[in-house]
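Per UniProt numbering, residue 16 is the first one in the sequence shown, and the count goes up by one each step.
Before any comments, here is the structure.
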Amino acid sequence: IFAGPIAFLKSAPDLKFLPDPVAKEVAFAGRSNVGKSSLLNALTNRNGLARTSNTPGRTQELNFFDVGDPAQPLLRLVDMPGYGYARAPKDMVRKWRFLINDYLRGRAVLKRTLLLIDSRHGIKEVDHDIMKMLDDAAVSYRIVLTKADKVKASELAAVADRTMQEIRKRPAAHPDLLMTSSEKGMGIPELRAAVIDALD
Ligand code: GTP
Ligand code: MG
16 IFAGPIAFLK SAPDLKFLPD PVAKEVAFAG RSNVGKSSLL NALTNRNGLA
66 RTSNTPGRTQ ELNFFDVGDP AQPLLRLVDM PGYGYARAPK DMVRKWRFLI
116 NDYLRGRAVL KRTLLLIDSR HGIKEVDHDI MKMLDDAAVS YRIVLTKADK
166 VKASELAAVA DRTMQEIRKR PAAHPDLLMT SSEKGMGIPE LRAAVIDALD
C-alpha cells in the first residue's frame, strides 16, 4: 500500500481540528527528536513528506497523512509532536502533552501506536509515563528503536535487551521490538509489515 498515493491531509493544533474518523490510524509517538517524522518518511519512502529537523520541537501539531485514495484512504499515519522537550516554553509543553494524551486515549480509529525509543538512550522516565497512560487506556502499542545506525552492534543488542526487559513488565505492549534506522533503511520492511498488521 505504500507504493500507491500518500498525501498530507491536515494539521491539528487542537482536538477540535481532528479529521473525521473515517479511516484507521497508526500514530508515531515518542520523545522530542527521537526520529518520528524521519521514520514516517522512511516508512512511506518519501523524503520531506513529514518535516524533520535537527532541532527538537519541530513537529508541533498532529499531522495526518492519507495512504491510498484520499477519497477513501486505506490508512492514516499520524505524526505527533514529541514528548519531554525541556527547553520549550512550559505552556507549550503542557499544550502538547494534553493534545498527545487526549488524542491517544480518545481516538476510536487509532489501531496502533508506534512508541519510538532512541537506540542511544533507551527507555526514559517520560516513556514510562506514556506507556502507563497507554496501558491504562488499553491502547495497543509497539516499541520501535530508532537511529540504530548511531550505535555499535553490541550497544544495540544491549539496549534492545534492556528495553525488552522493561516492556515485558507492561501489561499491553506488543512483545517484540523493531530496530530501525531511517538513515540506513534498517528495519523498514519489518515496520511496514507491523503497520499493515495493525489494520486487521
Ligand atoms: P520532533 O518533531 O521535534 O519531536 O522530532 P522527531 O521525533 O520528529 O525527529 P526528526 O524525525 O525530526 O529527527 C530528528 C533528527 O534526528 C534529525 O536531524 C534527523 O535527521 C535525525 N534522525 C532521524 N532518524 C535518524 C536515523 O535513523 N539515523 C540518524 N543518524 N539520524 C536520524
Ligand atoms: Mg517531528
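Just so you know, even glycine gets a beta-carbon here, dropped at the ideal spot from N, CA and C.
Of the residues Arg73, Asp29, Arg157, the one whose Cα lies closest to the Cα of alanine 187 is Arg157. By DSSP's assignment, valine 41 forms a beta bridge with Leu92, Arg127.
Taking the Cα positions, alanine 18 is about 32 Å away from tryptophan 111. Inside the region 43-91, DSSP marks whole beta strand (DSSP E) runs of 3 or more residues at positions 77-82, from first to last along the chain. Spatial neighbours of valine 49 in its own chain (CB-CB distance under 6 Å, excluding positions within 5 residues in sequence) are listed in chain order as Leu131, Asp133, Thr161. The three-state secondary structure of valine 159, taken from DSSP, is strand. Taking valine 108 as the centre and dropping the five residues before and after it, the same chain places the C-beta of Tyr100 closer than 7 Å to its C-beta, in chain order.
Short note on serine 52: C-beta closer than 7 Å to some heavy atom of ligand 2.
With respect to the 8 Å criterion, leucine 92 and serine 26 are not classified as neighbours on the basis of their beta carbons. Per DSSP, reduced to three states, the secondary structure at phenylalanine 23 is strand.
Taking 7 Å as the cut-off, the C-beta of serine 47 counts as close to a heavy atom of ligand 1.
Listed in chain order, the alpha helix (DSSP H) elements of length 4 or more contained wholly in the region 163-206 are 168-183.
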